[in-house]
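Numbering (my numbering), first residue to last: 3 to 435. From the three backbone atoms N, C-alpha and C, an ideal C-beta is built for every residue, glycine too.
This is the structure in structure tokens:
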């Protein structure tokens, strides 16, 4: 897009200490250019998918994917979200709809190639999403209609095995933790998805390639998990979440690839080097903060704003430590089933009790968290439902919690200085500064 016509940014850039952070950003920038060439210029088949869908199926078949959450974050970082949500309102959509999932639809409805990233998305082969909340079917169904393609919904059945300590057993005992019937349903749906993709693209799925990919993903996630463990133990925190997020999530979009595995190892090694030398994200760390929610993609500098002033470092977000319990699987000769166990509850463990609060309270203890800041998007019911109970669990465990009403991609009600001051005032009111 033409940067000269982008809206003025409301957030601030984050500061980087790791060489691998710049490398990850450069790789993703080149990937974006290559992806645009493949799907826009060369017309390759591609799919638009939610983050909690089986990306591995597409990777095995060499079908490019655009993850809806990544696309939303990309649009938000371009400071276009306010404009696109105004377009949705003009089309008659309610203004209190889920922003994270619908920003891509808003961009399509705007139909303005001059300002849209990549000039807007061409027609994908399919859109894929799990029906984890009421809005998904409406958003993706209408987005598919606007793009002139098909929506492939995947079920999100009830999870009866309510174990708050699920994360202690998920690597090896995944059949029990995630329930055989739910896994079997997900496998059946993945096979239906594979049949659709083979029919539409002419490309073939190879289960042996999936098995190899799953093992490579295990290697990648182990590197990230080792880094997460080191960060939780280290005093001071060697790397704030402003750098944890890109070094975790960019490889996750490419998980199992040679680059992703190598980058995860490089990130782990740089973290370990900083731990060994006593390097910290802040010169004088005094407070260790936890962040619950998706990233504030329009203001990455928010997370580092109080590091030098108060020694307050955001040590934890869900992205990095999630690598261990939710991605690593002992394949056990059943790659499709192991993949299904990874996917069938990915959203639930991040947003619903007792899984969410059980894990996050344990993580707060592991990392020595002094206080927690929770993003509470006012129009995202899934993010609210378990988050408030998690806040209560953390408070009961002795961790003060500040909830802020703001959205991860909609910057309309966000003001950097006001939000930073809100956190500083909260820390002072709780006697932490």
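Inter-stretch contact at 8 Å, needing at least 3 Cβ pairs: the segment 187-204 / the segment 219-238: no
Inter-residue spacing [alpha-carbon to alpha-carbon] between residue 261 and residue 271: The residue given as residue 261 occupies position 259 in the chain shown. The residue given as residue 271 occupies position 269 in the chain shown. Whole-angstrom Cα-Cα distance: 15 Å.
Residues sharing a beta bridge with residue 430, DSSP: To locate residue 430, count along the chain shown from 1; it is residue 428. In the DSSP output, where bridge partners are listed per residue, residue 430 has none listed.
Length of the line joining the Cα atoms of residue 394 and residue 361: Taking the chain shown and counting its residues from 1, the one referred to as residue 394 is at position 392. Taking the chain shown and counting its residues from 1, the one referred to as residue 361 is at position 359. So the alpha carbons of these two residues sit roughly 14 Å apart.
Unbroken beta strand (DSSP E) run spanning residue 155, endpoints: Within the chain shown, the letter at position 153 stands for residue 155. Taken as a continuous stretch (DSSP letters only), the beta strand (DSSP E) holding residue 155 covers 153-156.
Sequence-distant residues of its chain with Cβ nearer than 7 Å to residue 76 (five each side left out): Locating residue 76 in the chain shown gives position 74, counting from the first residue. Cβ neighbours of residue 76 beyond the five flanking positions: 119.
Candidates 105, 164, 63, of which the one nearest residue 82 by Cα: Here the question's residue 82 lines up with position 80 in the chain shown. Considering only alpha carbons, the answer is 105.
Residues near residue 8 by beta carbon distance below 8 Å, same chain, minus five either side: For this step, residue 8 is matched to residue 6 along the chain shown. Low confidence applies here, because residue 8 scores a pLDDT of 35, under 50, leaving its location unreliable and the question unanswered by this model.
Three-state secondary structure assigned by DSSP to residue 255: The sequence position of residue 255 within the chain shown is 253, counting from 1. Helix.
Inter-residue Cα distance where the pair is residue 317 and residue 213: In the chain shown, counting from the first residue as 1, residue 317 sits at position 315. In the chain shown, counting from the first residue as 1, residue 213 sits at position 211. If you take the alpha carbons of residue 317 and residue 213, they lie about 34 Å apart.
Nearest-angstrom Cα separation, counted from residue 198 out to residue 60: Numbered from 1 along the chain shown, position 58 holds the residue referred to as residue 60. Numbered from 1 along the chain shown, position 196 holds the residue referred to as residue 198. Their backbone Cα atoms lie some 12 Å apart in a straight line.
Opening and closing residue of the beta strand (DSSP E) in which residue 374 lies: Within the chain shown, residue 374 is the residue found at index 372, counting from 1. First-last of the beta strand (DSSP E) with residue 374: 373-377.
Beta-carbon proximity list for residue 248, same chain, < 7 Å, skipping 5 on both sides: Numbered from its first residue, the chain shown carries residue 248 at position 246. Same-chain partners within the cutoff: 23, 26, 27.
Sequence-distant residues of the same chain with beta carbon closer than 7 Å to residue 2, five excluded per side: Outside the shown range of the chain, which is 3 to 435, sits residue 2, and nothing can be said about it.
Minimum C-alpha distance to residue 157 - residue among 209, 52, 211: Walking along the chain shown from the start, residue 157 turns up at place 155. Of the candidates 209, 52, 211, the one whose C-alpha sits nearest the C-alpha of residue 157 is 52.
Any 3 or more C-beta pairs closer than 8 Å across the segment 283-299 and the segment 370-377: Under the 8 Å Cβ criterion, the segment 283-299 counts as touching the segment 370-377, having at least three qualifying pairs.
Burial state of residue 412, where buried means 16 or more other Cβ atoms lie within 10 Å: Walking along the chain shown from the start, residue 412 turns up at place 410. The C-beta of residue 412 has 16 or more other C-beta atoms within 10 Å across all chains shown, which makes the residue buried.
Paired residues, beta bridge with residue 292 - DSSP: The count along the chain shown starts at 1 and reaches residue 292 at position 290. 318, 374.
Spatial distance of residue 343 from residue 427 (CA atoms): Mapped onto the chain shown, residue 343 falls at position 341. Mapped onto the chain shown, residue 427 falls at position 425. Rounded to the nearest angstrom, the two C-alpha atoms are 42 Å apart.
Own chain residues within Cβ distance below 8 Å of residue 115, not counting five before or after: As a first step, residue 115 must be located in the chain shown, where it is residue number 113. The residues are 121, 122.
Residue 101 classed as buried or exposed, judged by whether at least 16 other C-beta atoms fall within 10 angstroms: Numbered from its first residue, the chain shown carries residue 101 at position 99. Around the Cβ of residue 101, a 10 Å sphere holds 16 or more other Cβ atoms; the residue is buried.
Same chain, Cβ closer than 7 Å to residue 187, neighbours up to 5 away in sequence not counted: In the chain shown, the residue the question calls residue 187 occupies position 185. For residue 187, where only same-chain residues beyond five positions count, the Cβ hits under 7 Å are 157, 159.
Inter-residue spacing [alpha-carbon to alpha-carbon] between residue 113 and residue 29: One-based indexing of the chain shown puts residue 113 at position 111. One-based indexing of the chain shown puts residue 29 at position 27. Each residue's Cα considered, the two are about 28 Å apart.
Three-way DSSP call (helix, strand, coil) for residue 405 in this model: The count along the chain shown starts at 1 and reaches residue 405 at position 403. Looking at residue 405 - three-state DSSP - the assignment turns out to be strand.
For residue 132: DSSP bridge partner residues: Along the chain shown, read from residue 1 onward, the residue named residue 132 stands at position 130. In the DSSP output, where bridge partners are listed per residue, residue 132 has 156.
Residue 32 burial status per 10 Å Cβ neighbour count (16 or more: buried): On the chain shown, residue 32 is found 30 positions in, with the first residue counted as 1. Under a 10 Å Cβ-count criterion, residue 32 is classified as exposed, with fewer than 16 other Cβ atoms of the shown protein chains found around its own Cβ.
Unbroken stretches of the alpha helix (DSSP H), 4 residues or longer, contained in the segment 50-120: 57-62, 70-79, 83-92, 101-112
Proximity of residue 280 and residue 215 at Cβ, strictly below 8 Å: The residue labelled residue 280 in the question sits at position 278 within the chain shown. The residue labelled residue 215 in the question sits at position 213 within the chain shown. Result no, Cβ atoms of residue 280 and residue 215 do not sit closer than 8 Å.
Cβ-based neighbour list, residue 108, same chain, cut-off 7 Å, excluding 5 preceding and 5 following: The residue you call residue 108 lines up with position 106 of the chain shown. Only 86, 87, 89, 90 meet the Cβ criterion.
Own chain partners of residue 219 with C-beta closer than 7 Å, once the 5 adjacent residues on each side are dropped: The residue you call residue 219 lines up with position 217 of the chain shown. Result list for residue 219: 257, 258, 329, in chain order.
Cβ-based burial, residue 276 [other Cβ within 10 Å; buried from 16]: Translated into the one-based positions of the chain shown, residue 276 becomes position 274. Residue 276 comes out buried.
Which of helix, strand or coil DSSP assigns to residue 448: Outside the modelled stretch of the chain, which goes from 3 to 435, sits residue 448, for which no answer is possible.
Pairwise C-alpha distance: residue 19 and residue 135: Within the chain shown, the letter at position 133 stands for residue 135. Within the chain shown, the letter at position 17 stands for residue 19. One C-alpha to the other measures close to 38 Å.
Spatial distance of residue 405 from residue 301 (CA atoms): Working through the chain shown from its first residue, we reach residue 405 at position 403. Working through the chain shown from its first residue, we reach residue 301 at position 299. The straight-line gap from Cα to Cα measures roughly 17 Å.
Sequence-distant residues of its chain with Cβ nearer than 7 Å to residue 147 (five each side left out): On the chain shown, residue 147 is found 145 positions in, with the first residue counted as 1. Contacts found: none.
Short Cβ contact (8 Å threshold) for residue 130 with residue 195: The residue labelled residue 130 in the question sits at position 128 within the chain shown. The residue labelled residue 195 in the question sits at position 193 within the chain shown. In contact: residue 130 and residue 195 (Cβ atoms closer than 8 Å).
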